[in-house]
Each structure stands twice: as C-alpha cells, then as structure tokens.
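A.B. asks: In our numbering, the protein residues as written are 2 to 577. Would you mind keeping the following structure in view while I ask a few things?
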RNA sequence: GCGCCGAUAGUGUAGUGGUUAUCACUAGGCGUUGCCAACGCCUAAACCCGGGUUCGAGUCCCGGUCGGCGCACCA
C-alpha cells in the first residue's frame, strides 16, 4: 500500500526518471520557479491543452489568438498591474527579514498605511515593531516589489516592457479587432494558451507555484444585461457539483451539491454565464482524469478577490501533498478591463447595440447664423457657437457668457429647430466572464492522481493510470520474440498506427513482462503483442494497462479500434 | 527573504579525515527466452558549485545554488 505522503515523492521521482518533469538547466544548477517538461511531460501537456481547445475553441466557438509575452508599459498601467501588482516592502535592519510595509504599519496602529507614499510610510514605520523579531524598526526604506518581470524594448532601453503576468490583457487590448472579427455582435469570446510570468518572492511546491507558467484563458464578452441568458445554459442546467460559498466557508460548513439551475436561482453563483463555465470546467477537468471526489468549487471571499473581479469561483483539486489547490479561476471581471484600456488608450471599447424598435426622442437644435455672428464677434465667434448650442433661448433671444462677459444674441441671429429623432441603439461596454486555467497545476494533478501501485504475480507494479486521452504514448507494440519475422510484423504494425495518427512505441528489448511494466510506468494504456498466431491468422493480442487483460484482434481492425479506445468512444471491456 | 534539515551513478542508497567510493534496481550490448520486472556474460554511469582548514576532504568550516518543512509572501 502507498501512504498519503509518499505519493508526491514517488510521482516526482518517477516523473524525473521517466522524462515528464525536470528541474530546469540542471547542469548549471536549477532555478527555483522554473521547470522543464521532458519528452513525455511535454506530450502530456500538449494533450491536455488540446482537450481544453476541444472544449473552448471547437465546442464553444471561441477562436484562439496569440499575443506577445512582452507588452509595453501602458498595457499594464491600464490593467492596474503596475500599481496594483506591487507590494510595498521594507527590510528589518535587525533580523534582515523582508516585510510587507503596510502590514507592519497597520499592526503598529498607523491608519491608511495602504494609501501612503513610500517616504511617508517609511517615517510612519520608524516606531513600529518588526513582525519577525519584534525589535523597533527605526530608520527603514520602503520600496515597491512588483511581481512583474521588467525589461526594456529596443537598443536605447527607453521603452519599458513587462513580461505578461496573465494572458488576458492580450484579449482586452485586441478588443476592437475581435469585435470586428465577430461581426459586431455579442456575445463572443477569444482564448489564449501561453506562458505568463510572475516573479514570485519565494516559489516552492514544485509545479504548483512557478515563475513561468502556462495559462489557458478565455475572455467571453457579454452584454451586461444578458449575463443570465447564456444561449446554451440548458446543457448544464441539471449538472450538479459541490459548491462551497463564502457564507459556508465563514461558518465552516461543508460544500453543498447543487445543479447549475439551482445555483443561479438561489443567487449562489452570480449569473448563468459564470455557472455555465463552472460546469464546463468541471466536465473538462473530469475528462482529463481528475476524480470528481477530489474536485470542488470554492467562492472567493470578498477580500480575496483580485482588483478587477466581482464574483469569483475557483476550481480546487485535492492534492495529497498540498491540500486543496486552486487550479482554475472563474471570474466575472465586469467592464473593468475594457473601461481601463479605453481610458488609457483613448480608443472606445464599446459595442453598438441596436434597439428592437428605434426610440423616438425629441431634440432641440440651435443653429446660429454664423454669416452674421462671425463678422460681428470675430475671435469670439467659435465660443459663442458652442455656448449657444447649450443655451435656453427665450422669445427675444439668448444670453451666453463668454470669458465672464454676458452677451445677448437676438433671436433673429439663430434658428431653433425642434425635431424628433430616431435613436436606433446605444454603445455599451461589455462585461467579461473569464475562466482562467493553470495548465501546469492541471498537469501535476493528473500525474498525482494517476500514480498507483498494485500487485502483479506477487510483485509490486507501478502504474500511471492516465486517461487514454492524456497518456503521452498511446500504444506500445511488441514482438513476442525478436525472431521468425515477428519483429518485422510488429514494426509494420507500428508504422501503420503512426499513419493513423496514433503515437505507437515499438519495443523489443528484454522479456515481454519487463516491456509491459515499462509501459505501465509511463501510463501507456494499451499494448499490442505480435505472437506466433499472428503469422497464422493476422491477429494480435491487445492488452489493457489497468486490468492487464488481453483480447485477440485482427491487425486490420487495430487503427480504428485504438483510435476509438483513445478517444474514449469505446472501452476495452466492450471489445469482448 | 528568515529559521531548521538535506544534496553521492538514470533512480534509491552505504560511506566516523587516509586503498581503485558500497550495494540494489535501471539502462546499453551479446546470448537465452512461446505473454506480464526470468537467467548468464559483458559494458556504461556519481561525491551540487565556489572558497577555506589539512600532508590528505565525499566526510570538517564558510559562502552560494537547489530541494523539503515551519514562518513570511502568494493579482
């Protein structure tokens, strides 16, 4: 039996040994917070990313885009990351501990510490005690520590750039192009799978907290009044899962199981859109092999939310080692980001929503006779033109104030035109629903949950019970003996499977049992063995990793059978 | 960043300042082998990095890196 604490060590040892995960640039000494995916790990990660694409790109119809991982400073000034992603830090002169300056100050009774400037805060800190060694700090320097990696663009180093701390901003800054691509209609979405970077102070926990990590994010732009009208909500209306609201967390209660319909109706989840992607996330995670009993959805506590989000739910996966690990964040980012970029860039980020019926709106226009007014007032004429438009004329004319001077414009120098105009629609700023997946954490969870040990013929067998969909190698092909032409036949079968797009690995080294075990350890779900009967009747044995059972199958049927098994449209048990 | 602990072949390990650094598994080659880590022979493979103490350092000391745990940090 494997004990709980062993799993992490066993699985990481296996992952290192068999080429899933390596410390980065080991020959120079690894760097904390960075990992290399080895041959099998990179393949598995691709498969997980592609399942994600199946859900979001193919099924939801949200196309993938690809933006640079470096963006100019303005992008992150607008997003709030330059200001908001930085912590004010100070170092204790006695014990050299780095401390959050605002926390220390507030602990010492200083009010409004979080809004103070660095110099101000440094003065306020002089009388406060260090949280670590409890000495009075005295003279300290307060500095900002920003979690973004800073760099410069171009040879003159004038232009500041940052490595993106999330992929999301790329979708926001491309909003106008995306809106046009989707032919000016809501809802629409864009997704991105790529690297993001955060210069964590002290990254640990292996693949769980990285300085460079892969995110898969979707930004779904919706009309703010239609967040409860997801067009495909019926798909998940009856989908049930455990939900842990912030109310329950405060009362230390267990998660309750609700359908998405109930969750929205009871106000547990803010709206249909959020609930839809909560359910989709559940389905997606289960499909890559996460056990439902190790999956829960937890609502963020109000003080835990990011600077932009209103309602926010995390998909958390239970790890033997790390407890509940936040793996997917589902946030309603409202119109925060689009407003911020519109303001910073000066580009409107709105959608024109046409009314079903044009609204009849009375409008008064005041049209001055500029031929006369221009000559009469010369350089004041322009100001008068504008002031007149906003004035309320009476029967004998209008009074306007220009540079403090009151000027009377007689009624015959302008025309008042009252008309009724059609307002056909309005410009609105869409709200954004954002599911954001931590791919590396998903990979870790898949590895940890796949790890298993059982007994075969009295010997310990280590087996990675990957879903066939994510297993790096899909099928192994063995000749029973490396003679009598069995190896040639096995080699032909391998090539035939490659042609069908199946990743098959040929192996003729060592005893047959050893070869099965090697494949079990890297989680290859199926193995084909060519034996002497193959020469008689063109059949081979097909072995199932988990049950170790075998069935005979015609060589001709192999490609389609394996494709179905890998896809999950057929199970091994159904082969008879 | 702080404190405590650790780092030896691919993996897991032994090693109380003094031989050619132990053992097992793994891997590669040859032979053998008729379906679940069989066997024989052969081969490859390691003291984290940099200083210091010493006639002599894998071993002791200092610094660094990485990893684990606790604290702090974790939009």
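Glycine is no exception: its CB is placed at the ideal position from the N, C-alpha and C atoms. Everything numeric in this text was worked out from a predicted model, so none of it was measured.
Between the C-alpha atoms of residue 538 and residue 531, what's the straight-line distance to the nearest angstrom?
C.D. replies: Position 537 of the first chain holds residue 538. Position 530 of the first chain holds residue 531. Approximately 11 Å, taken between the alpha carbons.
A.B. asks: Ends of the beta strand (DSSP E) at residue 144?
C.D. replies: Here residue 144 refers to the residue found at position 143 when the first chain is read from its first residue. That run of the beta strand (DSSP E) goes 143-147.
A.B. asks: Can you have a look at residue 9 and say buried or exposed, based on whether 16 or more other CB atoms are within 10 angstroms of its CB?
C.D. replies: Against the first chain, residue 9 aligns to sequence position 8. With 16 or more other Cβ atoms within 10 Å, it is buried.
A.B. asks: Is it buried or exposed, residue 526, if we count other Cβ atoms within 10 angstroms and call 16 or more buried?
C.D. replies: As a first step, residue 526 is located in the first chain; it is residue number 525 there, counting from the start. Answer is buried; the Cβ neighbour count reaches 16.
A.B. asks: Taking all protein chains shown into account, do 16 or more other C-beta atoms lie within 10 angstroms of the C-beta of residue 483, making it buried, or fewer, making it exposed?
C.D. replies: Within the first chain, residue 483 is the residue found at index 482, counting from 1. So residue 483 counts as exposed.
A.B. asks: What did DSSP end up calling residue 5 once you bin it into helix, strand or coil?
C.D. replies: Counted from its first residue, the first chain places residue 5 at position 4. With a pLDDT of only 43 at residue 5, under 50, the local geometry of the prediction cannot be trusted, and the value read off the model is given with reservation. Three-state result, residue 5: coil.
A.B. asks: Check residue 414 in the structure and name its three-state DSSP category.
C.D. replies: As a working mapping, residue 414 is identified with position 413 in the first chain. Residue 414 falls in the helix class under three-state DSSP.
A.B. asks: Would you call residue 159 buried or exposed, if buried means 16 or more other Cβ atoms sit within 10 Å of its Cβ?
C.D. replies: Position 158 of the first chain, counted from the start, is the residue given in the question as residue 159. Label assigned to residue 159: exposed.
A.B. asks: Does DSSP classify residue 47 as helix, strand or coil?
C.D. replies: Walking along the first chain from the start, residue 47 turns up at place 46. Helix, per DSSP.
A.B. asks: Starting from the C-beta of residue 102, find all residues in its chain whose C-beta is less than 7 Å away, skip the five residues before and the five after it, and write them out in chain order.
C.D. replies: By one-based count along the first chain, residue 102 stands at place 101. 89, 90, 91, 122, 126 and 143.
A.B. asks: Is it true that the CB of residue 65 sits closer than 8 Å to the CB of residue 192?
C.D. replies: As a first step, residue 192 must be located in the first chain, where it is residue number 191. As a first step, residue 65 must be located in the first chain, where it is residue number 64. Yes.
A.B. asks: Assign residue 220 to one of three DSSP states: helix, strand, or coil.
C.D. replies: Here residue 220 refers to the residue found at position 219 of the first chain. Residue 220: strand per DSSP, three-state reduction.
A.B. asks: Rounded to whole angstroms, what is the Cα-Cα separation between residue 189 and residue 233?
C.D. replies: Within the first chain, numbered from 1, the residue matching residue 189 stands at position 188. Within the first chain, numbered from 1, the residue matching residue 233 stands at position 232. Distance between the alpha carbons of residue 189 and residue 233: 13 Å.
A.B. asks: Do residue 311 and residue 333 have their CB atoms nearer than 8 Å?
C.D. replies: The residue you call residue 311 lines up with position 310 of the first chain. The residue you call residue 333 lines up with position 332 of the first chain. It is a contact, given that the beta carbons lie within the stated cut-off.
A.B. asks: If you reduce the DSSP assignment to three classes, tell me which class residue 362 lands in.
C.D. replies: Translated into positions along the first chain, residue 362 becomes position 361. Strand, per DSSP.
A.B. asks: Taking the beta strand (DSSP E) that residue 73 falls in, what are its first and last residues?
C.D. replies: As a working note, residue 73 is residue 72 in the first chain. Its beta strand (DSSP E) spans residues 71-73.
A.B. asks: Inspect the CB distances between the stretch 172-185 and the stretch 409-422 and report whether three or more fall short of 8 Å.
C.D. replies: Contact fails: fewer than three Cβ-Cβ distances are below 8 Å.
A.B. asks: Grab me the residues of residue 222's own chain with a C-beta within less than 7 Å of its C-beta, minus the 5 sequence neighbours each way, in chain order.
C.D. replies: Residue 222 sits at position 221 when you count from the first residue of the first chain. Answer for residue 222: 187, 188, 189, 190, 431 and 433, listed in chain order.
A.B. asks: To the nearest angstrom, report how far apart residue 99 and residue 441 are at their CA atoms.
C.D. replies: One-based indexing of the first chain puts residue 99 at position 98. One-based indexing of the first chain puts residue 441 at position 440. Near 29 Å, if we compare the C-alpha coordinates of residue 441 and residue 99.
A.B. asks: Going by the beta-carbon positions, is the gap between residue 328 and residue 316 smaller than 8 Å?
C.D. replies: Walking along the first chain from the start, residue 328 turns up at place 327. Walking along the first chain from the start, residue 316 turns up at place 315. The answer is yes: Cβ separation under 8 Å.
A.B. asks: Using 8 Å as the threshold, is the C-beta distance between residue 290 and residue 76 below it?
C.D. replies: Start at 1 with the first residue of the first chain, and residue 290 comes out as number 289. Start at 1 with the first residue of the first chain, and residue 76 comes out as number 75. Cβ atoms of residue 290 and residue 76: not closer than 8 Å.
A.B. asks: List, from N- to C-terminal side, the alpha helix (DSSP H) runs of 4 residues or more that fit wholly inside the stretch 363-399.
C.D. replies: Within the stretch 363-399, the complete alpha helix (DSSP H) runs of at least 4 residues are 371-378 and 382-390.
A.B. asks: Roughly how many angstroms separate the alpha carbons of residue 196 and residue 499, rounded to a whole number?
C.D. replies: Residue 196 sits at position 195 when you count from the first residue of the first chain. Residue 499 sits at position 498 when you count from the first residue of the first chain. Those two C-alpha atoms are separated by around 30 Å.
A.B. asks: Using 8 Å for Cβ pairs, my map puts residue 300 next to residue 389. What's the rounded Cβ distance?
C.D. replies: Along the first chain, one-based indexing puts residue 300 at 299. Along the first chain, one-based indexing puts residue 389 at 388. Incorrect: roughly 55 Å between the Cβ atoms, too far for contact.
A.B. asks: Please report the distance separating the alpha-carbon of residue 450 from that of residue 460.
C.D. replies: As a working mapping, residue 450 is identified with position 449 in the first chain. As a working mapping, residue 460 is identified with position 459 in the first chain. Roughly 22 Å between the two C-alpha positions.
A.B. asks: Give every residue of the same chain whose Cβ lies closer than 7 Å to the Cβ of residue 206, excluding the five residues on either side of it in the sequence, and list them in chain order.
C.D. replies: One-based indexing of the first chain puts residue 206 at position 205. Hits under 7 Å: 323.
A.B. asks: Report the rounded CA-to-CA distance for residue 354 versus residue 321, giving the unit in angstroms.
C.D. replies: For the purposes of this step, residue 354 is taken as residue 353 along the first chain, with counting starting at 1. For the purposes of this step, residue 321 is taken as residue 320 along the first chain, with counting starting at 1. Distance between the alpha carbons of residue 354 and residue 321 is about 50 Å.
A.B. asks: Expressed to the nearest angstrom, what Euclidean distance is found between the alpha-carbon atoms of residue 5 and residue 150?
C.D. replies: As a position in the first chain, residue 5 is number 4, starting the count at 1. As a position in the first chain, residue 150 is number 149, starting the count at 1. Note that residue 5 scores 43 on pLDDT, short of 50, meaning its location in the model is unreliable and no value can be drawn from it.
A.B. asks: What's the gap between the Cα of residue 435 and the Cα of residue 398?
C.D. replies: On the first chain, position 434 is the one that residue 435 refers to. On the first chain, position 397 is the one that residue 398 refers to. Cα to Cα, residue 435 sits roughly 56 Å from residue 398.
A.B. asks: Note down, in chain order, each residue of its chain lying with its Cβ closer than 8 Å to the Cβ of residue 1, except the 5 sequence neighbours on either side.
C.D. replies: Outside the displayed range of the chain (2 to 577) lies residue 1, so it cannot be described from this structure.
A.B. asks: Please classify residue 551: does DSSP put it in a helix, a strand, or coil?
C.D. replies: What you label residue 551 is simply residue 550 of the first chain in a count that begins at 1. In this structure, residue 551 counts as strand in the three-state DSSP scheme.
A.B. asks: Taking DSSP's pairing of strands, which residues face residue 313 in a bridge?
C.D. replies: Against the first chain, residue 313 aligns to sequence position 312. BP columns for residue 313 point to 332.
A.B. asks: If we call anything under 8 Å between Cβ atoms a contact, is residue 138 one with residue 93?
C.D. replies: One-based indexing of the first chain puts residue 138 at position 137. One-based indexing of the first chain puts residue 93 at position 92. Closer than 8 Å, so yes.
A.B. asks: Helix, strand or coil for residue 99, going by three-state DSSP, please let me know.
C.D. replies: On the first chain, residue 99 is found 98 positions in, with the first residue counted as 1. DSSP places residue 99 in strand when its eight states are reduced to three.
A.B. asks: Could you check the C-alpha separation between residue 445 and residue 466 for me, to the nearest Å?
C.D. replies: Taking the first chain and counting its residues from 1, the one referred to as residue 445 is at position 444. Taking the first chain and counting its residues from 1, the one referred to as residue 466 is at position 465. When rounded, the distance between both Cα atoms is 14 Å.
A.B. asks: Where residue 78 and residue 84 are concerned, what is the direct C-alpha to C-alpha distance, given to the nearest angstrom?
C.D. replies: Along the first chain, one-based indexing puts residue 78 at 77. Along the first chain, one-based indexing puts residue 84 at 83. Taking the straight line joining both Cα atoms gives about 7 Å.
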